[in-house]
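With my numbering as the guide, the letters of the sequence shown map in order to residues 268 to 496.
Glycine residues also receive a C-beta, built at the ideal position from the N, C-alpha and C atoms.
The structure appears right after this line, and notes come after that.
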Amino acid sequence: MNEAKAVAGTLSKIMTLADGTWRLQIDLHEKPPFDLLEVHQELAISRLHIPTDGTGVQNGPYSGMARELYRTGFFNRPAIWAAIGTTLNEGDPEKAFRQRLSEEKCWLKDSRCEGDVVCAHVSLTETTTRGERVGAHGTATKARFSAVPLCDWHHRKQHEKGYKHFDTLDSWRKARLQYVSDWAADALKAWLGFDHWYNCPPGDLAAWAAEQGPDIFGMLPTVIRQEFS
Ligand SMILES: [Zn+2]
């Protein structure tokens, strides 16, 4: 198969070596495809999300923090999704995410949409073009928080014809990341009691993160960590 493949990750460190080389440290969100990656391999990197000010982060008393949260990809991390999901429902951390997706419109929305919107699993590790089924792999092996909203008709076709019948697997994965990071940002700010991140005092967020443990606290933007550690 000579299709282009990509993996999602979070840039956690940028270093400059003595000889002027930039060295990046990237934490991958899923097990990397070792058949594609090896030392000395030539790579291309690109942003998954272009930061926007469309969220209105410049409009409130804490707009600087809001911008930093988005700029640093705070809501793009699986550990953050798990911490938020656990805060909302300890027994079923993905419940609120599934609920949110079921209230969205079909991601593939077109004239063929039919039936209720369901939470359609998106595979992060397989590139099979046909025959993938939600129930085919046990729940334990499924990537968590990995779904997009699909209407009943598109969901059925996804299983009959495979992902690529509609779009590239890369597009499915980007859509999934967008849905889960949007959910994470909205769910946490609602739980903290705010309508917008630019209205949420950084101390409130820092207190929540500290409660989740040092790993989560360490993922906060540096400006917040320095002020509240
Ligand atoms: Zn549809």
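Drop a sphere of 10 angstroms on the beta-carbon of residue i, count the other beta-carbons inside from all chains shown, and report buried for 16 or more, exposed for fewer.
{"i": "Q425", "result": "buried"}
{"i": "V306", "result": "exposed"}
{"i": "K456", "result": "buried"}
{"i": "R397", "result": "Any answer about R397 is weak, because its pLDDT of 41 lies below 50 and its placement is not dependable; what the coordinates show is given next. R397 should be labelled exposed."}
{"i": "T489", "result": "exposed"}
{"i": "T288", "result": "exposed"}
{"i": "F301", "result": "exposed"}
{"i": "L417", "result": "buried"}
{"i": "I347", "result": "buried"}
{"i": "A311", "result": "exposed"}
{"i": "I281", "result": "exposed"}
{"i": "L284", "result": "exposed"}
Ordered along the chain, which non-local residues of its own chain (more than five positions away) have a Cβ less than 6 Å from that of residue i?
{"i": "R423", "result": "none"}
{"i": "A452", "result": "F342"}
{"i": "M332", "result": "P469"}
{"i": "G340", "result": "T277"}
{"i": "L304", "result": "none"}
{"i": "Y247", "result": "Since the displayed the chain opens at 268 and closes at 496, residue 247 lies outside it and no answer follows."}
Ignore the nearest five residues each way along the sequence and tell me which others in residue i's own chain have a CB closer than 8 Å to its CB.
{"i": "S413", "result": "H388, V389, S390, L391, R443 and V447"}
{"i": "L315", "result": "A275, N343, K441 and L444"}
{"i": "K362", "result": "G352, L355 and N356"}
{"i": "K376", "result": "C418"}
Within a Cβ cutoff of 7 Å, which residues of the same chain sit near residue i, ignoring the five residues on either side of it in sequence?
{"i": "R367", "result": "W450"}
{"i": "C467", "result": "Y329, K456, L459 and F461"}
{"i": "Q479", "result": "A350"}
{"i": "D294", "result": "G276, T277 and S279"}
{"i": "G382", "result": "C418, D419 and W420"}
{"i": "G327", "result": "H463, Y465 and N466"}
{"i": "V385", "result": "S369, L417, D419 and H422"}
{"i": "A454", "result": "I351, L355 and A363"}
For residue i, verify whether its CB is less than 8 Å away from any heavy atom of ligand 1.
{"i": "H432", "result": "no"}
{"i": "E381", "result": "yes"}
{"i": "D377", "result": "yes"}
{"i": "H388", "result": "no"}
{"i": "L368", "result": "no"}
{"i": "C467", "result": "no"}
{"i": "L455", "result": "no"}
{"i": "L417", "result": "yes"}
{"i": "P420", "result": "It should be pointed out that residue 420 corresponds to Trp in this sequence rather than to Pro. Yes, ligand 1 has a heavy atom inside 8 Å of this Cβ."}
Residue i lies in the beta strand (DSSP E); which residues open and close that run?
{"i": "M486", "result": "No beta strand (DSSP E) holds M486; DSSP gives it neither H nor E."}
{"i": "R290", "result": "W289 to L295"}
{"i": "S413", "result": "Premise fails: S413 is in no beta strand (DSSP E) and is neither H nor E."}
{"i": "V385", "result": "V384 to H388"}
{"i": "S279", "result": "G276 to T283"}
Can you tell me where the alpha helix (DSSP H) holding residue i begins and where it ends?
{"i": "Y337", "result": "S330 to R338"}
{"i": "D449", "result": "L436 to L459"}
{"i": "A476", "result": "P469 to Q479"}
{"i": "K428", "result": "D419 to K428"}
{"i": "W348", "result": "P345 to L355"}
{"i": "R367", "result": "K362 to S369"}
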